[in-house]
Amino acid sequence: MKKEDLLKFIRKLNMRIFSIIIGLSITGMTLIGQTSEKKSKGFIMDKVVKSDKEWQTCLTPEEYQILREQGTESAFTGEYYNHKEEGTYTCAGCDNKLFSSDTKYDSGSGWPAFFDSLDETKVNIKRDLSYGMIRTEITCAKCDSHLGHVFEDGPKPTGLRYCVNSVSLNFTPKKTD
Ligand SMILES: [Zn+2]
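First residue of the sequence shown? That's 1166 in the working numbering, and the numbers climb one at a time after it.
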């Protein structure tokens, strides 16, 4: 091989290696992009958004008053304050899984109480200054329905008391097979 040909060959080879490197890094970046997209998908919750009218048609008047107008059921009247079955408590507005019977305890208040939510991304927390009190409201992260309030007088390990209206909840028993 002549010297010139050899140089040409090396140049071609360099170009090829260069394009392979570029190709690989593009593939790499695409892959990284895809994985991060996949990862973030797990955290994006499909929000349930309905107009007041739509809520009125799919909820009972009592549910509407509590879930959509921040109402509170009377103590010791709800379906679940003394409910001890094993299973999952879901949002009455959208079926979002909110609380497990594993964290339910008897607070003596007359409302269902939990010392933790099933997942911190499922329940939103916000300051509520109504009725001259400073309380922390809890809402369903998926449909923004009112659930109740969270207080800092709960048992260990969290020290929290998620005080929830029975009306805001539905219950799915644990499968025993
Ligand atoms: Zn909900």
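Every residue, glycine too, gets a C-beta built ideally from N, C-alpha and C. Remember, predicted model here, so these are calculated numbers, not experimental data.
Per DSSP, what are the beta-bridge partners of residue 1159 in this structure? Here the chain comprises residues numbered 1166 to 1342, so residue 1159 is not present and cannot be evaluated.
Is residue 1333 closer than 9 Å to residue 1256 when the C-beta atoms are compared? Stepping through the sequence shown from its first residue, residue 1256 is reached at position 91. Stepping through the sequence shown from its first residue, residue 1333 is reached at position 168. The answer is yes: Cβ separation under 9 Å.
Is it buried or exposed, residue 1214, if we count other Cβ atoms within 10 angstroms and call 16 or more buried? Translated into positions along the sequence shown, residue 1214 becomes position 49. Flag for residue 1214 reads exposed.
Cα-Cα separation between residue 1340 and residue 1253, rounded to whole angstroms: For the purposes of this step, residue 1340 is identified with residue 175 of the sequence shown, where counting begins at 1. For the purposes of this step, residue 1253 is identified with residue 88 of the sequence shown, where counting begins at 1. Each residue's Cα considered, the two are about 10 Å apart.
Starting from residue 1229, follow the alpha helix (DSSP H) in both directions and report where the run begins and ends. Taking the sequence shown and counting its residues from 1, the one referred to as residue 1229 is at position 64. First-last of the alpha helix (DSSP H) with residue 1229: 1226-1232.
So what does residue 1337 bridge to, in DSSP terms? What you label residue 1337 is simply residue 172 of the sequence shown in a count that begins at 1. 1253.
In angstroms with no decimal places, state the Cα-to-Cα distance between residue 1278 and residue 1327. Here the question's residue 1278 lines up with position 113 in the sequence shown. Here the question's residue 1327 lines up with position 162 in the sequence shown. Rounded to whole angstroms, residue 1278 to residue 1327 spans 5 Å at the Cα level.
Here's a check: name, in chain order, each residue in its chain whose Cβ is nearer than 7 Å to the Cβ of residue 1337, leaving out the five neighbours to either side. What you label residue 1337 is simply residue 172 of the sequence shown in a count that begins at 1. These residues qualify, in order along the chain: 1252, 1253, 1255.
Residue range of the unbroken beta strand (DSSP E) whose run includes residue 1293: As a first step, residue 1293 must be located in the sequence shown, where it is residue number 128. Unbroken beta strand (DSSP E) run through residue 1293: 1288-1293.
Is any heavy atom in ligand 2 found nearer than 8 Å to the beta carbon of residue 1310? Ligand 2 is not part of this structure, which contains only ligand 1.
So the beta strand (DSSP E) residue 1262 belongs to, where does it begin and stop? In the sequence shown, residue 1262 corresponds to position 97, counting from 1. 1262-1265 is the span of the beta strand (DSSP E), which, as asked, contains residue 1262.
Starting from the C-beta of residue 1306, find all residues in its chain whose C-beta is less than 8 Å away, skip the five residues before and the five after it, and write them out in chain order. Mapped onto the sequence shown, residue 1306 falls at position 141. 1210, 1261, 1286, 1287, 1288, 1289, listed in sequence order.
Would you identify the three-state DSSP class for residue 1269, choosing helix, strand or coil? Counted from its first residue, the sequence shown places residue 1269 at position 104. In the structure shown, residue 1269 sits in a strand (DSSP, three-state: E or B).
If you follow the alpha helix (DSSP H) that residue 1220 is in, where does it begin and where does it stop? As a working mapping, residue 1220 is identified with position 55 in the sequence shown. Looking at the DSSP string, the run of the alpha helix (DSSP H) that includes residue 1220 is 1217-1223.
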